[in-house]
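Peer 1: For the sequence shown, the numbering used here assigns the number 2 to the initial residue and increments by one for each residue that follows. For glycine and all other residues, C-beta sits at the position ideal for the given N, C-alpha and C.
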Amino acid sequence: MTSSALALGNVLAAAEGGGGDGFQAPGLGEFYPEPLVTFSVLGVGFEITRITVWLWIATLVMLALMVAAVRKPQIVPGKLQFVAESGYSLVRDGIARDVVGPRGLPFAPFLAALFFFILANNMLSIIPFAQISPMSKFAFPLVLAMICWVIYIWVGIREQGVGRYFKDILFLPGVPKLMYILVTPIEILQNFIVRPFTLAVRLFANMFAGHMLLVVFSLGAVYLFSRDNFSIVFGPVSALMAILMTFFELLVIFLQAYVFTVLMGTYLNGSIEAEH
């Protein structure tokens, strides 16, 4: 049973008990569910939770849809093929070509995979029975950001060479030598710490906040409708807000997947170009 279901049970129990402890606000328990399977590899402990399972399901469903869309391509595309091609064109033309630059087309498959992976897992936040995006747990966007960071550094070294790449980062051209005392630590912090951290935090914070808002308004509506006093008047307001926030969350789902991919595109552009 998920913590949302437990919270709902607490809400109904409180209402039936004539007040009890009142409204049971959702906490952080849903982001730390009980592990379904635990195991260790080389002494390192691992846990598989329901969030992990939903991540696998969302990824497999997205892969299945993409394979089905291109399995029998047609000149006049069907609905599924049209959606898949439109999504890929958005990434290829809008990010790989326009953001990364003229040499960005080889990165289009990676950027498209990144976009669709995040999109599929973000969608879980409004899917019944799942009702939580893995991206609202910081570990998942952090791993994505670290993968992007490694690729960003590797592309820079491949394109410019080790010496020139790190020289351009540590010693910006045109800056007075005395200023390197101040500028170089800032550049190191920005390129090697701030960029991957902010990339992860942006996605995590938006999905975390969206999930909490949906849970608060949904459970609030259930609680208010279950009361016998004047609180029942505000139940429809909370229910309406839950519906409105669901549509708003849908916008955030697409926007955050796109923003994450665009930022990765800008980092790749900086790695490919001779000067950052």
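Nearest to I182 by CA position, among G44, L64, V92 and L171, is which residue?
Peer 2: Of G44, L64, V92 and L171, the residue nearest in Cα terms is L171.
Peer 1: For W1, count neighbouring Cβ atoms within 10 angstroms of its own Cβ and tell me buried if that reaches 16, exposed if not.
Peer 2: Beyond the ends of the chain as shown, which are 2 and 277, falls residue 1; an answer cannot be given.
Peer 1: On a Cα-Cα basis, can you pick out the residue from A258, Y259 and F32 that is closest to S137?
Peer 2: Of the listed residues, the one whose Cα sits closest to S137 is F32.
Peer 1: Could you give the residue range of the alpha helix (DSSP H) that holds I194?
Peer 2: First-last for I194: undefined, no H or E at that position.
Peer 1: On a Cα-Cα basis, can you pick out the residue from D94, M147 and D169 that is closest to A312?
Peer 2: This structure cannot speak to residue 312, because the chain is shown only from 2 to 277.
Peer 1: Are there 16 or more other CB atoms within 10 angstroms of the CB of E250, so buried, or fewer, so exposed?
Peer 2: Per the 10 Å Cβ criterion, buried.
Peer 1: Is it right to say W55 is buried, meaning 16 or more other beta carbons lie within 10 angstroms of its own, or is it exposed?
Peer 2: That one is buried.
Peer 1: Am I right that A240 and A222 are in contact with their C-beta atoms under 8 Å? What's the rounded C-beta distance?
Peer 2: Going by Cβ atoms, the distance from A240 to A222 rounds to 4 Å, so yes, they are a contact pair.
Peer 1: Would you call the segment 147-162 and the segment 125-136 in contact, with 3 or more CB pairs under 8 Å?
Peer 2: No: the two stretches stay apart, fewer than three of their Cβ pairs being nearer than 8 Å.
Peer 1: Taking buried to mean at least 16 other C-beta atoms within 10 Å of its own C-beta, is M180 buried or exposed?
Peer 2: Exposed.
Peer 1: In the DSSP assignment, find the unbroken beta strand (DSSP E) run with S272 in it and report its ends.
Peer 2: First-last for S272: G236 to I273, but that is the alpha helix (DSSP H), not the beta strand (DSSP E).
Peer 1: Does the segment 259-267 come close enough to the segment 103-122 to have 3 or more Cβ pairs within less than 8 Å?
Peer 2: Touching, yes, given that three or more Cβ pairs across the two stretches are closer than 8 Å.
Peer 1: Can we say the segment 121-131 touches the segment 73-86, given the rule of at least three CB pairs closer than 8 Å?
Peer 2: Not touching, per the Cβ criterion.
Peer 1: Does the distance from the C-beta atom of A258 to that of I119 stay below 7 Å?
Peer 2: It is a contact, given that the beta carbons lie within the stated cut-off.
Peer 1: Are L125 and A59 touching if we call contact CB-CB under 7 Å?
Peer 2: Closer than 7 Å, so yes.
Peer 1: By Cβ distance below 7 Å, which residues in the same chain neighbour H212 in space, the five residues on each side in sequence not counted?
Peer 2: Cβ neighbours of H212 beyond the five flanking positions: S126, I133, S134 and S137.
Peer 1: Could you tell me which of S87, L252 and I52 sits nearest to P36, measuring between CA atoms?
Peer 2: That would be I52, whose Cα lies nearest to the Cα of P36.
Peer 1: Please confirm whether A140 and M63 have their CB atoms less than 7 Å apart.
Peer 2: Cβ distance not < 7 Å, so A140 and M63 don't count as in contact.
Peer 1: Among residues of its own chain, excluding the 5 on either side of F218, which ones have a beta-carbon nearer than 8 Å to its beta-carbon?
Peer 2: Correct list, in chain order: S239, A240, M242, A243 and M246.
Peer 1: Can you tell me whether DSSP reads L7 as helix, strand or coil?
Peer 2: Caution is warranted here: a pLDDT of 47 is assigned to L7, below 50, making its placement in the model unreliable, and no coordinate value can be reported.
Peer 1: Indicate whether G236 and L220 have their beta-carbon atoms separated by less than 7 Å.
Peer 2: No.
Peer 1: Here's the rule I'm using: 16 or more other beta-carbon atoms within 10 Å means buried, otherwise exposed. How should V151 be labelled?
Peer 2: Exposed, by the Cβ-count rule.
Peer 1: Kindly identify the DSSP beta-bridge partner or partners of V45.
Peer 2: In the DSSP output, where bridge partners are listed per residue, V45 has V42.
Peer 1: Relative to the C-alpha of I254, which candidate in R228, T199 and L204 has its C-alpha closest?
Peer 2: When only C-alpha atoms are compared, the closest one is L204.
Peer 1: Does DSSP put D99 in a helix, a strand or coil?
Peer 2: DSSP places D99 in helix when its eight states are reduced to three.
Peer 1: Spatial neighbours of V68 within its chain, please: C-beta separation below 8 Å, excluding the five flanking residues on both sides.
Peer 2: No residues qualify anywhere along the chain.
Peer 1: Under the assumption that R165 contacts I273 (Cβ atoms under 8 Å), give the Cβ distance between them as a whole number of angstroms.
Peer 2: The pair is not a contact, with the Cβ atoms about 13 Å apart (cut-off 8 Å).
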